[in-house]
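Novice: Residue numbers (numbering that gives the first Met the number 0), protein chains in the order written: chain A, 0 to 338; chain B, 0 to 503; chain C, 0 to 359. Beta carbons: idealized from backbone N, C-alpha and C, even for Gly. I have a structure I would like to understand better, so I am pasting it below and will then ask my questions one at a time.
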Amino acid sequence: MQKSKFSLKNLTDTNLLLMITIVVFFVMYIAAMIFLKAGFLKPQTFFNILNANASLIIVSCGMSLVMITGGIDISVGGVVALVSMCCAVYLDFHNGSVFGAVLIALAIGLGFGIVQGFLVAYLDIQPFIVSLAGMFFARGMTTIVNTNPFNVSNEQFVAAKNTRVIIPGLGTMNKLGKYVDAYVEIGVVVALIIVVLFFCLLRWTKLGRSFYAVGGNQQSALMLGINVKRTKFISHLLCSLMAGIGGFVYFLHVGSGSASHAMGMEMNAIASSIIGGTMLTGGVGNIIGTFFGVLSLSTIQNIVSSVGLDQAWWTGITIAAMLCLFLVVQSVVIARKKR
Amino acid sequence: MRDKAVLEMKNIHKSFPGVRALQAVDFTLCEGEIHALMGENGAGKSTLIKVLTGVYSKDSGDIFLKGHDKAVAIHSPQDAQNLGISTVYQEITLCPNLSVAENMFIGRTKGFGQNWKKMNAEADRILKSLDIPAKATQQLGSCSLAVQQMIAIGRAVDMDCKVLILDEPTSSLDEGEVEKLFKLMRDLKAKGVGIIFVTHFLDQVYEVCDKITVLRDGQLVGEYEIENLPRVQLVSKMLGKELDDMSDIKSEQSTYKDSDNNAPVFEAAGLCSDAGIKLFDFYIKKGEVNGFTGLLGSGRSECVRAIFGADRITGGTVKKNGKTVKITKPIDAMKNGIAYLPEDRKRDGIVGDLSVRDNIILALQVMQGFFKPISKAQAYKYADEYIKLLSIKTASADTPIKSLSGGNQQKVLIGRWLLTHPEYLILDEPTRGIDVGTKIDIQKLVLKLASEGMSVTFISSETDEMLRTCSRLVVMRDRKVVGELSGEDLTQNKIMSTIAGGDK
Amino acid sequence: MKDMKTKFSVKNIFRNQIFIPIAAMLLLLIFNLILDPSFFKVTLGYNSAGNPVLSGYLITILDSGSELAILAIGMTLVTAATGGQDISVGATAAIAGSVILRVLCGGNSRPEHMQAPIIVAFLVAVLASMLCGAFNGILVAYFKIQPMVATLILYTAGRSIAAWINNNELPVISDESFSYFGGFIPGICIPTPFLIALLCIIVTVLVMKFTTLGLYTQAVGINEHSSKLNGLNPIFIKFITFVILGVCVAVVGLIKVSRISTINYSVIAKDIEMDAILAVALGGNALGGGKFNMTASIIGAYVIQCLTTTLYKFNVQSDALPAYKAVVVILLVVSSAPTVRAWFTKTWAGITAKNVKEVG
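Below you can see the structure in the form of structure tokens.
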């Protein structure tokens, strides 16, 4: 067969949106490198973005999965806060081990996933309402577990928190002329592993494809012999599990427990997924896009603060503007293609 | 079980709130047989099939399959698939966001991983063997409806099935594709597959089927060998009455002839829309029934949509009684006395969750405007009037329209438009997918309305319906008007040759 | 025969949409009645300004639930027409409140007198939040972006914009008359917010009666294609529901700033969007759009407030409140889930059948 020429028509919706995202990210980052030289030329700046947003990457992966399946989960921010608080209390007040804390994080994630997944998939309750209740519950529980925020001083944990994975060859000279290695935190490694795992899951497994099928048309997916309920259940389970893991990574990064942790993280995760080309209507999306979505979002934040507009409200406005831009571009592009 | 039977359904009961959809229905399918399941809309064919495929759970009764000693339990479409029952539904049940190949294989192959290379190769093989013009890697949503339906068929027949169910698969296919499907069905039959074929096209039944089972009002009428059941009898079995309605229609046709010399009520010049039709001219006289004919996709629906302003108008003028009127939106058309019954009842017609009453008054309400709501009492009056006039079968005027059968939904929609007292009524495929009885009712109604002075455009895929009702036919090909037939030219042959393009 | 009839009506009550919120309300009230009947005590007292005021838990519910009830009206319409929800109402209320203060203060953050009549400030705020609604409406209706996502934009930016309107200052209005809207009008012992809510409800009832808004939004929400072919303009109808919600939001903004005579950008009307959506859902309305029942939504709003007040009464910490709310919400939605209800009806039918047998 003749190799077909490259054209917009031949791209699936997923790939088209992914392409837009990646292009925008690189344009933005390169522009920042040219105009705001100072920070952005250093590789470590990029790694710091990763360090600060490893948990968001993990949570967004789960969010994208749920959104691809046609659902939504706004409980993730609450779960992250709850995990941080529980782990902090366990480590400091009960002198627990880091391994135990990881287990707690996973257990909380799984618990939320099982309950929410069951309610959404098997009792057919709208995911928005279920996860809204989940969010309320997680936020409330965080306060009940411990009201006041505090820093964790458990030695084993602090050691884990300060562990750095050195990236060879990308270090820079500091002001004193001393060579400083570029590094990332453990959380970033976890996040990258999860991105790869999720990419493989969505691309190369039957389960992964059935997420797309259910999101594309639930009724059809049922007729095609897909176990729709189980698929939806698994998507919510995985999303909450990611919130649990993301919660631990978040905790590892900030090293404290607080009821106000990860406020609005669910919205950031949704925004990242959307910027990454996932559509809330379901059936369209890509994990690589989500990854770049998070990077775009945090790069914007970095640019805003390095320009000197460090008032918190500027971040809100720029993210909103960017979201607006992406949404309009997406809707126009998709509409054009349908013509 | 009967000898050679692959499937036996015994004493199946199923009821929905307020409706007994199936009562004590038996159905038997043998190996290597094509078995037509016939009945009016609402007779219970779809329900029976959905019970068999696990979409609905039955209230009582047993299903036996060859190779299983006990009655099998089918709780989901997945169960049905695993038991070797594969189905093609009337509405396309594929996922538009996945690729063609994925749609063919998802949900029916074992294992955890997804081997794209192998899957695409397999899919290409099937596409090639069925001559389907699509690529395995293409996104399904970018294929035409007919191609999507063929892909669904390809998926179903590729499964190693013992029972194949075809629930009105042909309504979106053209003749060539139907031929392909029939050849496929015969091949499968030779391999011993039992095929259940549901269709409204009698010709197709007599072309391929061996046996016919007739349902009526959720009950079994009987099972017949095809050679023992001539068409007339089949129709009367489906309707439950002897029928000479066909001749009635013919006789009514003469009553509106006298209006032939009137000036046109509506005329359009150089009309075109962004739906992709070429410029066309058009006129209709008072009390006239005309029709647009042409193959599927020839642009006949787009033409009437342009007249109604349903698509974006890109040029042309419309005159009403000689005066130019501006019609760019449906509301303009409605205010000028045009009514349009769309082709796709489910997508464009009914407002599913609303009651029959609200569905009937909707168009009139919109015409009256935002600040003049129709009172509840008045709405009930209108609804009852049209429920009676069109003999719509519904539990009450408050029943949601989605729980009515297809034919009755169509009647409600016709009632909706009649309530606006239009001067010009456009009916786009009003008889598609509905039962013979309602089809005849609708044709009669069209002629009656015309005799009362209403102008009607009647579009149907079934040429004989058009010949019976229309006095003038506009013939279309490739989104262009290619001819106009009236009077003595109105014959099957002449239409075919005009569509085909030979001027003989 | 008589039995048949009662059975039918029982069934109908269960099926009626309004059953869920009313049952929930009754349950909460009974719960309170058993644990502490003082919940129902309403006393007439005098506030610091010497005006007669009613007080008591019930009055608190009516008072604090007003904002939610007003929002539920607009949210129900948006939900019905677009099949999605507006999550920016809290942020937009902040904008509206900020606009009111800005107009009243006229640049000076501690004015001695108000610089403009309250009605003018309110109208400007209405305009502002209608603009916000229009922005959401354009994105949703014209660009066909899912409502939750489209309104995510203002959700993110709204509070920042509110702060920007007043240059991040916190103006305080010392004029007594401004606090009437969130408190009591001298001589009237019923809290003003409740009166405002009542007014909004009356206006809504009139609009529903004398226009076809209800039918149009439902038709568009259920089947957009079909509505279009029936002469409706789905884009405009979706758009207008957002604008109507904008008006509701402005009223809420007024009440909110009037309650404290100032504004706190990050806290004002916080999470109210979630409660408003919850009110719609508690009213048994499908969040996927289509048919709606306005009364049920409004009752739903008061149910939520009733729950909140009950919890406060039992000394639940305000930060921990959501956890209890969540449990109640889950119980409610689970008990109203179709699958659970079907199971319940079946069991109920089984029990009654058994009873009949025993009696017979």
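Could you name each continuous beta strand (DSSP E) segment of 3 residues or more that falls completely within the region 383 to 465 of chain B, going from the start of the chain to the end?
Specialist: Here the runs fully enclosed are 423 to 427, 454 to 458.
Novice: If you check the beta carbons only, do Q364 (chain B) and T211 (chain C) fall under 8 Å apart?
Specialist: Walking along the second sequence from the start, residue 364 (chain B) turns up at place 365. Walking along the third sequence from the start, residue 211 (chain C) turns up at place 212. Yes. Within cutoff.
Novice: Where does the unbroken beta strand (DSSP E) through D280 (chain B) begin, and where does it stop?
Specialist: Here residue 280 (chain B) is taken as the residue at index 281 of the second sequence, counted from 1. Run containing D280 (chain B): 279 to 284, per the beta strand (DSSP E) assignment.
Novice: Quick one: what's got a C-beta closer than 6 Å to G282 (chain A)'s C-beta in the same chain, skipping five residues either side?
Specialist: What you label residue 282 (chain A) is simply residue 283 of the first sequence in a count that begins at 1. Same-chain partners within the cutoff: Y211, G214, G215.
Novice: F142 (chain C) lies in the beta strand (DSSP E); which residues open and close that run?
Specialist: Position 143 of the third sequence, counted from the start, is the residue given in the question as residue 142 (chain C). Where F142 (chain C) is concerned, there is no enclosing beta strand (DSSP E), given that its DSSP letter is neither H nor E.
Novice: Entirely within the region 286 to 316 of chain B and at least 4 residues each: give me those alpha helix (DSSP H) ranges in chain order.
Specialist: Here the runs fully enclosed are 299 to 307.
Novice: Taking only the alpha-carbon atoms, compute the straight-line gap between K334 (chain B) and V41 (chain C) and give it to the nearest angstrom.
Specialist: Counting from 1 along the second sequence, the entry for residue 334 (chain B) is found at position 335. Counting from 1 along the third sequence, the entry for residue 41 (chain C) is found at position 42. Rounded to whole angstroms, K334 (chain B) to V41 (chain C) spans 58 Å at the Cα level.
Novice: What did DSSP end up calling I262 (chain C) once you bin it into helix, strand or coil?
Specialist: The residue given as residue 262 (chain C) occupies position 263 in the third sequence. Coil.
Novice: If M237 (chain B) sits next to M37 (chain B), beta carbons under 8 Å apart, how far is it from one beta carbon to the other, in whole angstroms?
Specialist: Along the second sequence, one-based indexing puts residue 237 (chain B) at 238. Along the second sequence, one-based indexing puts residue 37 (chain B) at 38. Rounded, the Cβ-Cβ distance is 6 Å, consistent with contact.
Novice: Mind checking the region 327 to 355 of chain C against chain A and listing, in chain order, the residues whose C-beta falls within less than 7 Å of any C-beta there?
Specialist: Answer in chain order: V328, I329, V332, V333, A336, P337, T338, V339.
Novice: Which chain B residues sit within Cβ distance under 8 Å of F209 (chain C)?
Specialist: As a working note, residue 209 (chain C) is residue 210 in the third sequence. Under the 8 Å cutoff, chain B gives F370, P372.
Novice: For my contact list, L201 (chain A) and I105 (chain B) are in at a C-beta cut-off of 8 Å; report their separation, rounded to the angstrom.
Specialist: Sequence index remark: in the first sequence, residue 201 (chain A) carries index 202 (1-based). Sequence index remark: in the second sequence, residue 105 (chain B) carries index 106 (1-based). L201 (chain A) to I105 (chain B), Cβ: 14 Å. No contact.
Novice: From G287 (chain C) to L28 (chain C), what does the alpha carbon distance come to, in whole angstroms?
Specialist: Taking the first residue of the third sequence as position 1, residue 287 (chain C) is located at position 288. Taking the first residue of the third sequence as position 1, residue 28 (chain C) is located at position 29. Going by the C-alpha atoms only, they are around 30 Å apart.
Novice: Rounded to the nearest angstrom, what separates T398 (chain B) and S265 (chain C) at their Cα positions?
Specialist: Locating residue 398 (chain B) in the second sequence gives position 399, counting from the first residue. Locating residue 265 (chain C) in the third sequence gives position 266, counting from the first residue. Rounded to whole angstroms, T398 (chain B) to S265 (chain C) spans 48 Å at the Cα level.
Novice: Closer than 6 Å by C-beta to G299 (chain C): which residues in its own chain qualify, once you throw out the five before and the five after it? Chain order, please.
Specialist: Mapped onto the third sequence, residue 299 (chain C) falls at position 300. The answer, listed in chain order, is P20, A278, L281, G282.
Novice: Taking the straight line between their C-alpha atoms, what separation do you get for L40 (chain A) and A158 (chain A)?
Specialist: Residue 40 (chain A) sits at position 41 when you count from the first residue of the first sequence. Residue 158 (chain A) sits at position 159 when you count from the first residue of the first sequence. Straight-line Cα distance between these residues: approximately 30 Å.
Novice: Between A124 (chain C) and A268 (chain C), is the Cβ-Cβ spacing less than 8 Å?
Specialist: As a first step, residue 124 (chain C) is located in the third sequence; it is residue number 125 there, counting from the start. As a first step, residue 268 (chain C) is located in the third sequence; it is residue number 269 there, counting from the start. No, these two residues do not count as a Cβ contact at 8 Å.
Novice: How many angstroms separate the CA atom of G217 (chain B) from the CA atom of R19 (chain B)?
Specialist: In the second sequence, counting from the first residue as 1, residue 217 (chain B) sits at position 218. In the second sequence, counting from the first residue as 1, residue 19 (chain B) sits at position 20. Answer to the nearest angstrom: the Cα atoms are 7 Å apart.
Novice: Going by beta-carbon coordinates alone, are V151 (chain A) and M84 (chain A) separated by less than 8 Å?
Specialist: Reading the first sequence from its first residue, position 152 is the one you call residue 151 (chain A). Reading the first sequence from its first residue, position 85 is the one you call residue 84 (chain A). For V151 (chain A) and M84 (chain A), no; Cβs fall outside 8 Å.
Novice: Verify whether the separation of the beta carbon atoms of I458 (chain B) and V303 (chain B) is less than 8 Å.
Specialist: Taking the first residue of the second sequence as 1, we reach residue 458 (chain B) at position 459. Taking the first residue of the second sequence as 1, we reach residue 303 (chain B) at position 304. Cβ distance < 8 Å, so I458 (chain B) and V303 (chain B) count as in contact.
Novice: Do A267 (chain B) and L228 (chain C) have their C-beta atoms within less than 8 Å of each other?
Specialist: The residue you call residue 267 (chain B) lines up with position 268 of the second sequence. The residue you call residue 228 (chain C) lines up with position 229 of the third sequence. No, Cβ-Cβ distance for A267 (chain B) and L228 (chain C) is not below 8 Å.
Novice: Would DSSP call M0 (chain A) helix, strand or coil?
Specialist: Taking the first residue of the first sequence as position 1, residue 0 (chain A) is located at position 1. Caution applies to M0 (chain A), whose pLDDT of 37 falls short of 50 and renders its modelled position unreliable; the value that the coordinates give is listed next. The answer is coil: DSSP assigns M0 (chain A) none of H, G, I, E or B.
Novice: Taking only the alpha-carbon atoms, compute the straight-line gap between K3 (chain B) and N284 (chain C) and give it to the nearest angstrom.
Specialist: Taking the second sequence and counting its residues from 1, the one referred to as residue 3 (chain B) is at position 4. Taking the third sequence and counting its residues from 1, the one referred to as residue 284 (chain C) is at position 285. Whole-angstrom Cα-Cα distance: 52 Å.
Novice: Label S250 (chain B) either buried or exposed according to how many other C-beta atoms from any shown protein chain fall within 10 Å of its C-beta, with 16 as the threshold for buried.
Specialist: Within the second sequence, residue 250 (chain B) is the residue found at index 251, counting from 1. Model confidence at S250 (chain B) stands at a pLDDT of 44, short of 50, so the residue's coordinates are unreliable; what they give is reported in the following sentence. Flag for S250 (chain B) reads exposed.
Novice: Can you check DSSP and say which residues form a bridge with C271 (chain B)?
Specialist: In the second sequence, residue 271 (chain B) corresponds to position 272, counting from 1. Its beta-bridge partners are B:G314.
Novice: Tell me the rounded alpha-carbon separation between K117 (chain B) and L144 (chain B).
Specialist: Walking along the second sequence from the start, residue 117 (chain B) turns up at place 118. Walking along the second sequence from the start, residue 144 (chain B) turns up at place 145. Roughly 26 Å separates the two Cα atoms.
Novice: Please confirm if T204 (chain A) has its CB atom under 8 Å from at least one CB of chain B.
Specialist: Indexing the first sequence from 1 puts residue 204 (chain A) at position 205. Yes, T204 (chain A) lies at the interface with chain B (some Cβ there is under 8 Å from its Cβ).
Novice: Would you give the residue range spanned by the beta strand (DSSP E) that R109 (chain C) belongs to?
Specialist: Walking along the third sequence from the start, residue 109 (chain C) turns up at place 110. Looking at the DSSP string, R109 (chain C) is not in any beta strand (DSSP E), and its letter there is neither H nor E.
Novice: Since P51 (chain C) is in the alpha helix (DSSP H), which residue starts that stretch and which ends it?
Specialist: For the purposes of this step, residue 51 (chain C) is taken as the residue at position 52 of the third sequence. Careful: P51 (chain C) lies outside any alpha helix (DSSP H), inside the beta strand (DSSP E) at 51 to 54.
Novice: Give a yes or no on whether 8 Å exceeds the smallest Cβ distance from K290 (chain C) to chain A.
Specialist: Within the third sequence, residue 290 (chain C) is the residue found at index 291, counting from 1. No, K290 (chain C) lies away from the interface with chain A (no Cβ there is under 8 Å from its Cβ).
Novice: Report yes if the C-beta distance between T46 (chain B) and I164 (chain B) is below 8 Å; otherwise report no.
Specialist: Here residue 46 (chain B) is taken as the residue at index 47 of the second sequence, counted from 1. Here residue 164 (chain B) is taken as the residue at index 165 of the second sequence, counted from 1. Contact flag unset, no.
Novice: Checking contacts by CB at 8 Å: is D123 (chain A) closer than that to chain C?
Specialist: The residue labelled residue 123 (chain A) in the question sits at position 124 within the first sequence. Closer than 8 Å: yes.
Novice: Between the region 257 to 276 of chain A and chain B, which residues of the former have CB atoms less than 8 Å from a CB of the latter, in chain order?
Specialist: Residues passing the 8 Å Cβ filter: none.
Novice: Is V327 (chain A) close to chain C, meaning its C-beta is less than 8 Å from at least one C-beta of that chain?
Specialist: Stepping through the first sequence from its first residue, residue 327 (chain A) is reached at position 328. Answer yes: the Cβ-Cβ gap between V327 (chain A) and chain C drops below 8 Å somewhere.
Novice: Mind listing the chain A neighbours of Y323 (chain C)? Cutoff is C-beta to C-beta under 8 Å, in chain order.
Specialist: On the third sequence, position 324 is the one that residue 323 (chain C) refers to. By Cβ distance, chain A contributes G139.
Novice: Which value, in whole angstroms, describes the spacing of the CA atoms of L55 (chain A) and F156 (chain A)?
Specialist: In the first sequence, the residue the question calls residue 55 (chain A) occupies position 56. In the first sequence, the residue the question calls residue 156 (chain A) occupies position 157. Each residue's Cα considered, the two are about 21 Å apart.
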